[in-house]
Amino acid sequence: MAKESNILKIVLIGYRTSGKSTLGQLLSQALCMPYLDIDRGIEAHAGGQTLTDCFLAIGDEAFRKLEAEVVAEMCAGDNCIIAFGAGSLKFPTSQQAAQRDSLVVYLQVPIPELWRRFQTDPTTADTRPNLAGGGIGEIEEMMAQREPVYLACADLVVDGTRAPAELVSEITAAFTERRNS
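Just add 930 to wherever you are in the sequence shown, counting from 1, and you've got my numbering.
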């Protein structure tokens, strides 16, 4: 997607357990830019509640509205790395905020690998709203809805199963090239 404005930040998008947080922290170190996480921003706005507790307390609709507010707030800044939540692009205003002055990177991971990571990540139950018991089928259903949005918003699609150091190199090179063009 061609952009007419300056590229001032990197936005990482993808499904849960795709590696956005890990990669965001590594990119932050490599580029000496602050790392922001939409999920942590939601928790801060929710008085320190976990995402799961916040989601359960206020419900999906209010949670997504809060998420959209955090997206707008974080995307207003420059010279940063922002990891989006898996559903953070639900609203067109959030999609536009993500794309403004940004290199949007989609970490594409095959569904069976997402499911494997979800099952083996010890923090998943504490930090993310639970899947509704649908297992891999639920991931397939959510990805059928979300992946077209991820692809439409992305400037760069990377294989999220590659080594983090390789991804940092690829994304850093793309960011530097676009920032200087």
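Backbone N, C-alpha and C define an ideal beta-carbon position, used for all residues, glycine too.
Would you report the Cα separation of residue i and residue j, rounded to the nearest angstrom?
{"i": "Gln955", "j": "Pro1052", "result": "19 Å"}
{"i": "Leu1097", "j": "Ser958", "result": "13 Å"}
{"i": "Asp1089", "j": "Asp1008", "result": "26 Å"}
{"i": "Phe1014", "j": "Asn1110", "result": "24 Å"}
{"i": "Cys1083", "j": "Arg994", "result": "18 Å"}
{"i": "Ala1103", "j": "Leu961", "result": "11 Å"}
{"i": "Tyr965", "j": "Ala992", "result": "25 Å"}
{"i": "Glu1107", "j": "Ile988", "result": "42 Å"}
{"i": "Gln907", "j": "Gly1017", "result": "Here the chain has residues from 931 to 1111 only, and residue 907 is not among them."}
{"i": "Glu1071", "j": "Arg970", "result": "25 Å"}
{"i": "Phe1105", "j": "Ser1099", "result": "10 Å"}
{"i": "Ala932", "j": "Met1004", "result": "Caution applies to Ala932, whose pLDDT of 47 falls short of 50 and renders its modelled position unreliable; the value that the coordinates give is listed next. Distance between the alpha carbons of Ala932 and Met1004 is about 22 Å."}
{"i": "Lys950", "j": "Gly977", "result": "23 Å"}
{"i": "Lys1020", "j": "Lys939", "result": "20 Å"}
{"i": "Ser1024", "j": "Val941", "result": "12 Å"}
{"i": "Gly1065", "j": "Tyr945", "result": "14 Å"}
{"i": "Gly1067", "j": "Gln1049", "result": "14 Å"}
Which of the three DSSP states, helix, strand or coil, is assigned to residue i?
{"i": "Gln979", "result": "coil"}
{"i": "Arg1088", "result": "Before going on, a small fix: residue 1088 reads as Val here, not Arg. DSSP places Val1088 in strand when its eight states are reduced to three."}
{"i": "Val1039", "result": "coil"}
{"i": "Leu986", "result": "helix"}
{"i": "Thr1106", "result": "helix"}
{"i": "Phe1021", "result": "coil"}
{"i": "Thr1050", "result": "helix"}
{"i": "Gly1064", "result": "coil"}
{"i": "Leu1006", "result": "A quick correction: the sequence has Ala, not Leu, at residue 1006. Reduced to three states, the DSSP call for Ala1006 is coil."}
{"i": "Thr952", "result": "helix"}
{"i": "Leu1083", "result": "Per the sequence shown, residue 1083 should be read as Cys rather than Leu. Three-state DSSP puts Cys1083 in a helix."}
{"i": "Ser1111", "result": "coil"}
{"i": "Ala1074", "result": "helix"}
{"i": "Asn974", "result": "First, the amino acid is wrong: residue 974 is Ala here, not Asn. If DSSP states are grouped into helix, strand and coil, Ala974 belongs with the helices."}
Our contact map puts residue i next to residue j with C-beta atoms below 8 Å; I'd like the distance itself, whole angstroms only.
{"i": "Ile968", "j": "Tyr1080", "result": "The pair is not a contact, with the Cβ atoms about 14 Å apart (cut-off 8 Å)."}
{"i": "Gln1026", "j": "Val1087", "result": "Between Val1087 and Gln1026 the Cβ distance is about 19 Å, and since that is not below 8 Å, they are no contact."}
{"i": "Ile937", "j": "Ser1032", "result": "7 Å"}
{"i": "Leu996", "j": "Ile1012", "result": "The Cβ separation is near 16 Å, so there is no contact."}
{"i": "Asp1085", "j": "Val1034", "result": "5 Å"}
{"i": "Thr947", "j": "Arg1047", "result": "4 Å"}
Provide the residue(s) that pair with residue i in DSSP beta bridges, ordered along the chain.
{"i": "Ala1013", "result": "Leu942, Asp967"}
{"i": "Val1000", "result": "Paired residues: none, contrary to the question."}
{"i": "Leu1033", "result": "Ile940"}
**Report entry** Stretch-stretch touch, CB-based, cutoff 8 Å, three pairs: the segment 1033-1051 with the segment 989-1002
**Finding:** Touching, no.
Requested in this report: Take every Cβ of the segment 982-996, pair it with every Cβ of the segment 1071-1079, and state whether three or more of those distances are shorter than 8 Å.
Outcome: Touching, no, given that fewer than three Cβ pairs across the two stretches are closer than 8 Å.
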